[in-house]
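All remarks here apply to the structure that follows.
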Amino acid sequence: MKNNIKISIIVPVYNTSKFLEKCIRSIMEQDFRDIEIICVNDGSTDNSLEILNKLSKEDSRLKIIDKKNEGASKARNVALEVAQGKYCLNIDSDDWIEQGYIKALYERAEKDNLDITISNIIFDYFNDSSKNYILNDLEILDEKVISGEEYINIFLKNNFYGYTWNKLIKTELYKKII
Numbered sequence: 021m022k023n024n025i026k027i028s029i030i031v032p033v034y035n036t037s038k039f040l041e042k043c044i045r046s047i048m049e050q051d052f053r054d055i056e057i058i059c060v061n062d063g064s065t066d067n068s069l070e071i072l073n074k075l076s077k078e079d080s081r082l083k084i085i086d087k088k089n090e091g092a093s094k095a096r097n098v099a100l101e102v103a104q105g106k107y108c109l110n111i112d113s114d115d116w117i118e119q120g121y122i123k124a125l126y127e128r129a130e131k132d133n134l135d136i137t138i139s140n141i142i143f144d145y146f147n148d149s150s151k152n153y154i155l156n157d158l159e160i161l162d163e164k165v166i167s168g169e170e171y172i173n174i175f176l177k178n179n180f181y182g183y184t185w186n187k188l189i190k191t192e193l194y195k196k197i198i
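Under the working numbering, the first residue of the sequence shown carries the number 21, and numbering increases by one thereafter.
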């Protein structure tokens, strides 16, 4: 059987039952279908695991890893060990993505043979929309392609926020460091 997984989406989960179903559904309902969704329940004490189990019955692309709590970084690394996609995309379990997001990232990465594709971030304070804003991570202009050296210079010189969840990254790069 041929592996059609183009993107492994990694979702570390810890006590986010309030937001979790919205997050996972926003991934499952994307128009880009060649994905696997690896959810790592990192020792949640709420009903997050039950929500994941329910959703996994609706979509076979959703894989659940249940482990003791060791933090989001360890949870992401555990998921990376089993990731089968050409690219990885991290999404936090209290966030959600807009329709077309995955397809846009993938098409851009493939078009220019990019190792990393970075998107803007929208901070949506649903209780107070006057606080909403868009963050252009690393202040890199839309549509700009930069070299690895230039990326490192920007990374070191600018106010880097350290988010993993707005970057599509070739899996082979991750696997070199874990």
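Backbone N, C-alpha and C fix where the C-beta goes; we use that ideal spot for every residue, glycine too.
- By the C-beta density criterion, Glu56 is buried, having at least 16 other C-beta atoms within 10 angstroms.
- Going by DSSP, Leu188 is part of the beta strand (DSSP E) stretching over 187-190.
- Between Lys190 and Tyr107, the beta carbon gap of about 6 Å places them in contact (Cβ cut-off 8 Å).
- Around the beta carbon of Leu193, fewer than 16 other beta carbons sit within 10 angstroms, so the residue counts as exposed.
- Per DSSP, the continuous beta strand (DSSP E) segment holding Ser28 begins and ends at 27-33.
- By the Cβ criterion, the stretch 46-56 is in contact with the stretch 25-35, since at least three pairs of Cβ atoms, one from each stretch, lie closer than 8 Å.
- Of the candidates Asn23, Ile47, Glu41, Trp185, Glu41 places its Cα closest to the Cα of Leu69.
- When DSSP states are grouped into helix, strand and coil, Asn73 belongs to the helix group.
- Just so you know, the alpha carbons of Lys123 and Lys195 end up roughly 23 Å apart.
- The C-alpha of Phe39 lies about 21 Å from the C-alpha of Glu90.
- Under DSSP, Asn110 takes part in a beta bridge, and its partners are Ile30.
- If the five residues before and after Arg128 are omitted, its C-beta is found closer than 6 Å to the C-beta atoms of Thr137, all from its own chain and listed in chain order.
- Secondary structure note for Glu41: its alpha helix (DSSP H) is the uninterrupted segment 37-48.
- DSSP, reduced to helix, strand and coil, places Glu56 within a strand of the structure shown.
- In the displayed model, Asn61 falls within a strand according to three-state DSSP.
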